[in-house]
Amino acid sequence: MNIKKINEVSIFDMIKIAALGPANTFSELAAIKYGKTLGRAFSVELYPTIGKVFDAVGAKCSCAVLPIENMAEGYVSAVLDHLIHSDLFIVHELLLPIQFTFAANCSSLDQVEKVYAQFVTQGQCERFLDKMGDMGVSVITTQSNGTSLEQLQKRIPNEAAIVPSFAVKPGDFPLVIPEIADRSNNQTRFITIASHTIAYDPARKYKTTLLIVESVDRPGMLSDILSSFSIRNINLVSIMSRPTKEMLGRYHFFIDVEGHAQEARIREALAEIERENTIRMLGSYVVAQQEGDL
1 MNIKKINEVS IFDMIKIAAL GPANTFSELA AIKYGKTLGR AFSVELYPTI
51 GKVFDAVGAK CSCAVLPIEN MAEGYVSAVL DHLIHSDLFI VHELLLPIQF
101 TFAANCSSLD QVEKVYAQFV TQGQCERFLD KMGDMGVSVI TTQSNGTSLE
151 QLQKRIPNEA AIVPSFAVKP GDFPLVIPEI ADRSNNQTRF ITIASHTIAY
201 DPARKYKTTL LIVESVDRPG MLSDILSSFS IRNINLVSIM SRPTKEMLGR
251 YHFFIDVEGH AQEARIREAL AEIERENTIR MLGSYVVAQQ EGDL
């Protein structure tokens with residue numbers, strides 16, 4: 001398969017970035033923000049499932065942007081599971097503020113009869129929806145924030161939706177209430193995946209994501225893995241387990257550590273862990289700061 005690296009694409013080529021659709025979602029916004037960091041023309045291609053987003057990389061698109069972790073809801077298990085079976089690398093991460101707005105096709109809350117909200121969005125706007133429920137409002141679950149917006153745009157009287165704040169503004173609908181999420185500082189971490197790794201710049205701060213599959217089922221296995229990092233003063237950012245789906249009680253471990261895989265201390269830790277475990281390096285990439293610093 002002839003796959004061009006992102007930094008080798010001709011300036012005359014349009015870089016295609018895959019993302020999870022439909023339009024007007026945080027995934028599309030994250031892909032646009034990543035595209036703007038490339039310094040060349042790009043387009044965002046939307047796909048209906050996470051699996052199709054992965055499949056697009058190297059076939060129709062140079063890379064893909066996907067949500068991997070939300071501050072309130074935790075990791076996106078479907079993305080982790082696809083990473084396990086993919087040969088793609090994480091090459092970038094960004095933090096996207098997640099803010100929601102309530103908009104309605106009526107002039108006051110007491111006129112609302114239905115409110116559309118994506119299932120994950122409901123968990124992030126629980127307090128507001130509880131108030132709606134107390135008022136007798138029916139909550140209709142949608143598959144995406146884009147679908148919620150589409151329902152709202154039908155202009156059906158007394159229907160409402162919770163949508164990404166960037167998708168609406170005051171005056172778009174008779175009633176608009178911004179910032180209704182339970183947490184005002186809510187964020188989602190997005191990753192960019194590609195068919196190649198990126199060059200190492202020692203002057204920058206990196207994070208490395210590892211996938212560890214236990215090859216010997218024994219007491220203290222996880223403790224030994226963590227010890228290999230701690231004795232070398234390697235800071236663990238996070239650890240997440242996913243079932244292997246081959247045997248009950250067997251897990252893959254996703255571990256994020258501070259630093260680049262080319263650093264001597266990390267190479268030593270991985271060599272030690274590899275004596276009894278299988279390791280895949282999923283990528284070393286520059287640590288994302290807040291949105292304004294990306």
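The UniProt record's numbering puts the sequence shown at residues 1 to 294.
Ideal Cβ positions, reconstructed from N, Cα and C, are used throughout, including at glycine.
Measure the alpha-carbon distance for residue i versus residue j and round it to whole angstroms.
i, j, result
"residue 195", "residue 173", "43 angstroms"
"residue 169", "residue 147", "18 angstroms"
"residue 67", "residue 27", "7 angstroms"
"residue 193", "residue 36", "16 angstroms"
"residue 246", "residue 79", "18 angstroms"
"residue 166", "residue 158", "22 angstroms"
"residue 53", "residue 61", "9 angstroms"
"residue 199", "residue 283", "11 angstroms"
"residue 243", "residue 125", "30 angstroms"
"residue 135", "residue 161", "15 angstroms"
"residue 130", "residue 265", "50 angstroms"
"residue 75", "residue 30", "17 angstroms"
"residue 11", "residue 280", "The predicted position of residue 11 is uncertain, since its pLDDT is 43 and thus under 50; a value taken from the coordinates is nonetheless stated next. Rounded to whole angstroms, residue 11 to residue 280 spans 33 angstroms at the Cα level."
"residue 33", "residue 49", "21 angstroms"
"residue 275", "residue 39", "42 angstroms"
"residue 272", "residue 21", "41 angstroms"
"residue 102", "residue 51", "31 angstroms"
"residue 64", "residue 189", "14 angstroms"
"residue 44", "residue 19", "7 angstroms"
"residue 95", "residue 55", "24 angstroms"
"residue 239", "residue 177", "37 angstroms"
"residue 25", "residue 201", "33 angstroms"
Helix, strand or coil for residue i? Go by DSSP, reduced to three states.
i, result
"residue 172", "coil"
"residue 281", "strand"
"residue 292", "Note on residue 292: pLDDT 41, under 50, position unreliable in the model; no value is reported."
"residue 11", "Bear in mind that the predicted position of residue 11 carries a pLDDT of just 43, short of 50, making it too unreliable to give a figure here."
"residue 18", "strand"
"residue 52", "helix"
"residue 235", "coil"
"residue 242", "strand"
"residue 200", "coil"
"residue 184", "coil"
"residue 130", "helix"
"residue 85", "coil"
"residue 274", "coil"
"residue 250", "coil"
"residue 121", "helix"
"residue 38", "coil"
"residue 2", "Note on residue 2: pLDDT 38, under 50, position unreliable in the model; no value is reported."
"residue 207", "strand"
"residue 265", "helix"
When burial is assigned at 16 or more other CB atoms within 10 Å of the CB, is residue i buried or exposed?
i, result
"residue 219", "exposed"
"residue 143", "exposed"
"residue 93", "buried"
"residue 163", "buried"
"residue 77", "exposed"
"residue 237", "exposed"
"residue 88", "buried"
"residue 171", "exposed"
"residue 17", "buried"
"residue 82", "buried"
"residue 262", "exposed"
"residue 248", "exposed"
"residue 277", "buried"
"residue 156", "exposed"
"residue 295", "Summary: the structure shown does not reach residue 295, with the chain confined to residues 1 through 294, and so no result is reported for it."
Return yes when the Cβ of residue j is within less than 9 angstroms of the Cβ of residue i, no when it is not.
i, j, result
"residue 13", "residue 41", "yes"
"residue 285", "residue 57", "no"
"residue 212", "residue 252", "yes"
"residue 46", "residue 23", "yes"
"residue 145", "residue 70", "no"
"residue 86", "residue 114", "no"
"residue 153", "residue 140", "no"
"residue 270", "residue 210", "yes"
Taking 9 angstroms as the CB-CB limit, is residue i close to chain B?
i, result
"residue 285", "As a matter of chain content, chain B is missing from the structure shown, which is built from one protein chain."
(request) Say whether the segment 194–210 touches the segment 249–260, bearing in mind that this needs 3 or more beta-carbon pairs closer than 8 angstroms, one atom from each stretch. (result) Segments in contact, yes.
(message) Quick test of the definition: if touching needs 3 or more C-beta pairs under 8 angstroms, does the segment 173–188 touch the segment 119–129?
(response) Yes: the two stretches touch, three or more of their Cβ pairs being nearer than 8 angstroms.
(request) Assess, as a yes-or-no matter, whether the segment 229–239 is touched by the segment 102–112 under the definition of 3 or more beta carbon pairs within less than 8 angstroms. (result) Here the segment 102–112 does not lie against the segment 229–239, with fewer than 3 beta-carbon pairs under 8 angstroms apart.
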